[in-house]
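Here's the structure, in structure tokens; my notes come after.
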Amino acid sequence: MSGASVKWLKRGGIPLVYVLLTLAMTWPLPLRLSSHYVGTGGDLLIFPWNDWWCRKCLLEGRNPFFTTWLFYPRGVSLTYHNFAWLNTAMWLSLSPLVGSIAAHNLIFLFNLALGGIGAHALVHDLTEDRRAAFLAGLIFCFWPVRMSHYNHPNMISVGWLPLFLLFFVRTIRETPKLKAGLLGGLFLALTGLARWLHLTFAGGMVVVYLAYSLLCERRCWNRRTVMAVALIFGVAALLMAPLLAPLVAAQVGGGERAEDVFSTDPDLYSTDLVSYFVPERGHPLFVGWLEDLWGRMRRGAYFGYVPLALAIVGAWRGRRDRGYWLLVGAGLFVLSLGPRLEVAGRTLDVRLPYAWVQDWAPVRVVRHPNRFCVPLGLPVAVLAGYGVTWLLDRLKRPAVWVLGLSVLVLVEYLPWPYPTVQPSVSPFYDQLAQEPGDFGVLDLPMGSRTVAKPYMYFATIHGKPLVEGHVSRLPISAYDFVDDVPLLHGLRESNEMDPALGDISRQLSLLADADIADADIRYLILHPELVPAEQLARWQSWLAIAPMYEDAEAIVYRTRPEYGQDFEFVGEAGDGIGVIGAALSAETLAQDGWLEAEVTWGTRRPPAQDWMARLALVSASGSEAQAVDLQPCAGWPSSEWGADAIARGRGTLRVDPFMEGGTYTVTVGLVDPVTGTRVGRALGLGRVEVQAVERVFEPPDMQVPVEAFFGDALRLLGYGVQQEAGELDVTLHWQAVRRMGVAFKFFVHLLHPETGELVAQADVMPRGWTYPTHWWEAGEVVSDGIRLPLSDVPPGTYRVTVGVYDPETGVRLVVTEGTDGGEADDQYLLPERLVLP
Numbered sequence: 001m002s003g004a005s006v007k008w009l010k011r012g013g014i015p016l017v018y019v020l021l022t023l024a025m026t027w028p029l030p031l032r033l034s035s036h037y038v039g040t041g042g043d044l045l046i047f048p049w050n051d052w053w054c055r056k057c058l059l060e061g062r063n064p065f066f067t068t069w070l071f072y073p074r075g076v077s078l079t080y081h082n083f084a085w086l087n088t089a090m091w092l093s094l095s096p097l098v099g100s101i102a103a104h105n106l107i108f109l110f111n112l113a114l115g116g117i118g119a120h121a122l123v124h125d126l127t128e129d130r131r132a133a134f135l136a137g138l139i140f141c142f143w144p145v146r147m148s149h150y151n152h153p154n155m156i157s158v159g160w161l162p163l164f165l166l167f168f169v170r171t172i173r174e175t176p177k178l179k180a181g182l183l184g185g186l187f188l189a190l191t192g193l194a195r196w197l198h199l200t201f202a203g204g205m206v207v208v209y210l211a212y213s214l215l216c217e218r219r220c221w222n223r224r225t226v227m228a229v230a231l232i233f234g235v236a237a238l239l240m241a242p243l244l245a246p247l248v249a250a251q252v253g254g255g256e257r258a259e260d261v262f263s264t265d266p267d268l269y270s271t272d273l274v275s276y277f278v279p280e281r282g283h284p285l286f287v288g289w290l291e292d293l294w295g296r297m298r299r300g301a302y303f304g305y306v307p308l309a310l311a312i313v314g315a316w317r318g319r320r321d322r323g324y325w326l327l328v329g330a331g332l333f334v335l336s337l338g339p340r341l342e343v344a345g346r347t348l349d350v351r352l353p354y355a356w357v358q359d360w361a362p363v364r365v366v367r368h369p370n371r372f373c374v375p376l377g378l379p380v381a382v383l384a385g386y387g388v389t390w391l392l393d394r395l396k397r398p399a400v401w402v403l404g405l406s407v408l409v410l411v412e413y414l415p416w417p418y419p420t421v422q423p424s425v426s427p428f429y430d431q432l433a434q435e436p437g438d439f440g441v442l443d444l445p446m447g448s449r450t451v452a453k454p455y456m457y458f459a460t461i462h463g464k465p466l467v468e469g470h471v472s473r474l475p476i477s478a479y480d481f482v483d484d485v486p487l488l489h490g491l492r493e494s495n496e497m498d499p500a501l502g503d504i505s506r507q508l509s510l511l512a513d514a515d516i517a518d519a520d521i522r523y524l525i526l527h528p529e530l531v532p533a534e535q536l537a538r539w540q541s542w543l544a545i546a547p548m549y550e551d552a553e554a555i556v557y558r559t560r561p562e563y564g565q566d567f568e569f570v571g572e573a574g575d576g577i578g579v580i581g582a583a584l585s586a587e588t589l590a591q592d593g594w595l596e597a598e599v600t601w602g603t604r605r606p607p608a609q610d611w612m613a614r615l616a617l618v619s620a621s622g623s624e625a626q627a628v629d630l631q632p633c634a635g636w637p638s639s640e641w642g643a644d645a646i647a648r649g650r651g652t653l654r655v656d657p658f659m660e661g662g663t664y665t666v667t668v669g670l671v672d673p674v675t676g677t678r679v680g681r682a683l684g685l686g687r688v689e690v691q692a693v694e695r696v697f698e699p700p701d702m703q704v705p706v707e708a709f710f711g712d713a714l715r716l717l718g719y720g721v722q723q724e725a726g727e728l729d730v731t732l733h734w735q736a737v738r739r740m741g742v743a744f745k746f747f748v749h750l751l752h753p754e755t756g757e758l759v760a761q762a763d764v765m766p767r768g769w770t771y772p773t774h775w776w777e778a779g780e781v782v783s784d785g786i787r788l789p790l791s792d793v794p795p796g797t798y799r800v801t802v803g804v805y806d807p808e809t810g811v812r813l814v815v816t817e818g819t820d821g822g823e824a825d826d827q828y829l830l831p832e833r834l835v836l837p
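Using our numbering, the first residue of the sequence shown is number 1, and each one after it goes up by one.
Listed below in structure tokens is the structure:
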């Protein structure tokens with residue numbers, strides 16, 4: 001190879017190789033650069049909104065740290081939101097040239113390749129061996145945990161960290177120091193601007209290195225070194241200040257501070273010990289073999305056996321400063337395991353060091369233990385580079401070994417096919433974008449930070465504020481408006497529209513009317529692909545109006561419904577009030593059954609007064625057989641409805657137990673609450689079949705005929721007694737003297753013959769609670785069997801009594817005749833004596 005070729009490879013060829021390998025390892029992303037996002041969705045969809053919002057702030061002079069475009073109308077602080085400022089800056093420059101999606105993907109690819117380039121530069125500086133540096137660059141560039149964060153481009157951008165460490169180490173070890181200090185400050189700033197979280201990783205590595213250097217590199221320290229190190233942090237602070245200052249001010253000034261919103265459960269995000277030794281989920285060579293193991297582990301953390309072996313060699317035989325990298329790697333590894341040890345999906349009762357430090361501010365900022373796996377790739381790469389240097393000095397044909405080891409690393413880390421996603425977007429959003437005004441939209445379902453992420457992506461298309469949203473560290477006050485509106489509060493808690501909220505248009509007006517709630521939420525958008533069909537049907541039933549737009553991705557309703565546009569009457573009752581829809585609880589009813597009716601009302605003009613709704617059963621002859629007057633909408637008088645109102649009322653009608661069987665029409669109409677006069681006409685809601693009870697008026701054959709009257713309501717005609725093992729069966733034959741308005745209860749008591757002590761009893765409603773006495777017609781004969789358990793009754797001779805009482809008052813009916821069995825004026829004493837052996 002010519003000297004010019006070698007020089008090209010040293011200066012420009014190596015970065016180009018990393019770029020080309022990045023394109024290959026992320027296949028098929030290069031083919032879908034402008035049509036698909038890299039990733040699978042979820043958190044990924046937050047970042048296009050972040051970019052869109054920053055561009056909006058620049059163009060309109062808005063404050064990027066507060067927005068009313070999320071949690072509209074009151075807005076939310078974005079001070080602690082997870083911005084990737086550097087990525088956004090690149091996106092603002094690229095998107096006008098290549099489009100939003102391509103710009104996002106190009107920045108992702110750049111950051112991925114940058115990790116390899118930065119690690120290569122760092123390891124080359126430490127080893128002066130480009131072969132070792134190249135292999136170390138591959139390890140960090142395609143470190144599986146880093147590659148698996150395709151939905152978190154800000155985690156991918158950790159590639160600035162090795163460049164910072166490179167110039168930080170140079171600042172301490174080399175002279176002159178000014179250039180290294182300035183570049184160290186620049187790359188530290190870029191590390192933070194890529195994601196503030198990375199400053200925690202950088203800070204930890206710096207603290208450990210300062211301790212190492214002061215112990216082992218004392219000759220490097222002098223006044224100039226101290227000043228140069230201070231220069232690094234001064235330059236970084238100066239560059240980061242405009243974007244970092246609001247976060248610092250929020251911490252210093254109190255209010256909703258980071259401590260209030262950085263909470264998480266570290267047990268949920270710990271790293272399984274086995275995952276370090278299992279190829280990453282979806283590896284093409286292991287699909288079908290490791291599915292069960294992958295399913296038991298939350299996230300992969302694969303070292304790779306070749307990189308791990310090289311790192312072990314480097315830790316054993318590497319340079320003098322290998323101890324620093326070994327200490328950093330061990331610390332990150334231990335922290336990534338979380339507070340309790342997990343092995344193959346099982347959490348063991350073994351407390352780990354993370355449990356002792358999880359309340360420290362830097363650890364709380366990281367929040368998820370498995371995030372420590374991302375920077376862990378850097379010390380592994382450096383140690384592997386040391387290992388390669390030691391090995392190649394002892395092997396023949398080192399170029400072949402480097403090539404072979406590189407191929408093995410790439411095969412171990414292979415993520416094909418790298419995930420891409422093309423969000424499904426309703427054409428409605430393009431239509432919405434053309435509508436002037438900064439009004440809000442309510443997306444359903446809500447209450448989940450997961451479903452809010454696609455809504456944020458849709459907002460980059462339609463440009464309208466959202467009632468909800470996802471903020472990485474959500475202030476407590478964000479849901480104040482939602483909790484103030486009953487409809488929204490119910491949706492947040494259970495994603496249900498509370499059926500008790502019958503004032504439908506009034507609830508919607510709390511969203512739509514700026515004069516009422518300082519909000520202008522114009523549209524309600526249902527996302528059918530995010531909820532079960534049954535839940536979607538319940539939402540649409542509650543709304544009772546027709547959607548203004550519908551496709552597979554979005555069903556859209558206006559929050560200011562109008563008669564003739566969003567709803568029509570199936571019939572007009574009068575005074576501008578009509579029925580939009582109705583539902584009956586049953587098509588067949590028994591006498592004394594309950595009919596429940598739900599009626600949705602609408603208005604085309606303001607009603608003139610308050611009205612009552614009359615729910616009626618109309619016979620085939622047209623006569624009103626039974627009716628009940630109800631409030632059309634509980635808690636919302638019709639005089640307050642106004643025009644274009646939608647209200648829902650529910651009522652029940654108990655069918656007269658003596659109504660003739662047959663088919664009846666259920667009608668509803670309006671009546672004056674004072675005079676009872678009907679206005680307009682009654683509207684048919686449907687038909688019900690009333691089934692007459694089969695009645696008997698002839699006494700049956702009876703074991704023992706008697707003549708006992710219970711008050712003026714019931715007559716005991718006779719009875720039958722049958723004793724079986726462990727129980728006594730008593731059959732009573734009753735006749736109704738008259739119709740009764742009370743559902744009486746019957747009792748059978750077993751008494752001690754001498755003391756009168758109650759030893760067993762049974763209290764029942766007739767026929768197993770299915771045929772209450774207030775259903776009985778005068779003269780009707782009803783036979784009822786009662787079973788009295790005897791298993792706990794001691795042997796002896798006993799008497800049996802029968803009685804009737806009102807369950808509401810406990811008052812017994814007096815036995816006025818037929819007391820031949822004994823004197824007992826509130827119960828009938830059977831003449832038989834019961835002997836229990």
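Glycine is no exception: its CB is placed at the ideal position from the N, C-alpha and C atoms.
Keep in mind it's a predicted model, so treat the numbers as computed, not measured.
| Check | Outcome |
| --- | --- |
| Would you check if the distance between the CB atom of residue 437 and the CB atom of residue 376 is smaller than 8 Å? | no |
| From residue 813 to residue 545, what does the alpha carbon distance come to, in whole angstroms? | 56 Å |
| Does DSSP put residue 761 in a helix, in a strand, or in coil? | strand |
| Specify whether the segment 695-706 and the segment 592-603 touch according to this definition: at least 3 beta carbon pairs, one from each stretch, less than 8 Å apart. | no |
| Give the list of continuous alpha helix (DSSP H) stretches no shorter than 4 residues that lie fully inside the segment 95-162. | 100-127, 130-141, 144-148, 153-156 |
| Note down, in chain order, each residue of its chain lying with its Cβ closer than 7 Å to the Cβ of residue 190, except the 5 sequence neighbours on either side. | 86, 160 |
| Report the option in 315, 681, 589, 747 whose CA atom is closest to the CA atom of residue 769. | 747 |
| Go ahead and label residue 453 buried or exposed: buried means 16 or more other beta carbons lie within 10 angstroms of its beta carbon, across all protein chains shown. | buried |
| Rounded to the nearest angstrom, what separates residue 269 and residue 93 at their Cα positions? | 35 Å |
| Output yes or no for whether 8 Å exceeds the beta carbon distance between residue 558 and residue 576. | no |
| Leaving out the 5 sequence neighbours to the left and right, which residues in its chain are closer than 6 Å to residue 822 when beta-carbon positions are compared? | A caution first: residue 822 carries a pLDDT of 47, below 50, which makes its placement in the model unreliable, though a value can still be read off. Correct list, in chain order: 829. |
| Near residue 795, which residues of its chain fall below 8 Å by C-beta distance, leaving aside the five closest residues on each side in sequence? | 836, 837 |
| With distances taken between CB atoms, is the gap from residue 804 to residue 714 smaller than 8 Å? | yes |
| Suppose you measure from the CA of residue 298 to the CA of residue 450; what does that come to, to the nearest Å? | 17 Å |
| Where residue 607 and residue 645 are concerned, what is the direct C-alpha to C-alpha distance, given to the nearest angstrom? | 10 Å |
| Exposed or buried, what is residue 259 when buried is set at 16 or more other beta-carbons lying within 10 Å of its beta-carbon? | Since pLDDT at residue 259 reaches only 41, below the 50 mark, its modelled position is unreliable, and no value is offered. |
| So if DSSP puts residue 749 in a beta bridge, which residue, or which two residues, is it bridged to? | 761, 801 |
| So what does DSSP say about residue 257, is it helix, strand or coil? | For residue 257, the predicted model reports a pLDDT of 49, less than 50, meaning its position is unreliable; a value from the coordinates is still stated below. Residue 257: coil per DSSP, three-state reduction. |
| Using a Cβ-Cβ cutoff of less than 6 Å, which residues in the same chain neighbour residue 478 once the five nearest sequence positions on both sides are dropped? | 71, 76 |
| Thinking residue 838 and residue 123 are a contact (beta carbons under 8 Å), I'd like their distance in whole angstroms, please. | Look at the range of the chain in this structure, 1 to 837, and you will see that residue 838 is not part of it. |
| Between residue 311 and residue 395, which are expected to be in contact by the criterion C-beta below 8 Å, what is the C-beta distance as a whole number of angstroms? | Actually they are not in contact, since the Cβ atoms of residue 311 and residue 395 sit about 18 Å apart, beyond 8 Å. |
| Using CA coordinates, which residue listed in 106, 630, 163 is at the minimum distance from residue 115? | 163 |
| How about residue 464 and residue 439: are their beta carbons less than 8 Å apart? | yes |
| Would residue 506 and residue 447 be called neighbours here (beta carbons separated by less than 8 Å)? | no |
| Determine the extent of the beta strand (DSSP E) in which residue 430 is found, giving its start and end residues. | It is not in any beta strand (DSSP E) - residue 430 instead sits in the alpha helix (DSSP H) that spans 428-433. |
| Using a Cβ-based criterion (distance less than 7 Å to any ligand heavy atom), does residue 298 qualify as near the ligand PLP? | The ligand PLP is absent from the structure shown, which contains no ligand whatsoever. |
| I need the straight-line Cα distance from residue 345 to residue 228, nearest angstrom please. | 48 Å |
| In three-state DSSP terms, what is residue 548? | coil |
| Does the beta-carbon distance from residue 284 to residue 414 come in below 8 Å? | yes |
| Just to confirm, are residue 128 and residue 173 a CB contact at a threshold of 8 Å? | no |
| Would DSSP call residue 834 helix, strand or coil? | strand |
| Does residue 568 pass the burial test, meaning 16 or more other C-beta atoms within 10 Å, or should it be called exposed? | exposed |
| Taking the Cβ atom as the reference point for each residue, do residue 726 and residue 789 lie within a distance shorter than 8 Å? | yes |
| Since I believe residue 232 is in contact with residue 181 (beta carbons under 8 Å), could you give me their beta-carbon distance rounded to a whole number of angstroms? | 5 Å |
| Which ranges does the beta strand (DSSP E) cover as unbroken runs of at least 3 residues, wholly within the segment 488-572, from first to last along the chain? | 521-526, 555-558 |
| For residue 132, tell me which candidate among 300, 503, 79, 313 has the shortest Cα-Cα distance. | 313 |
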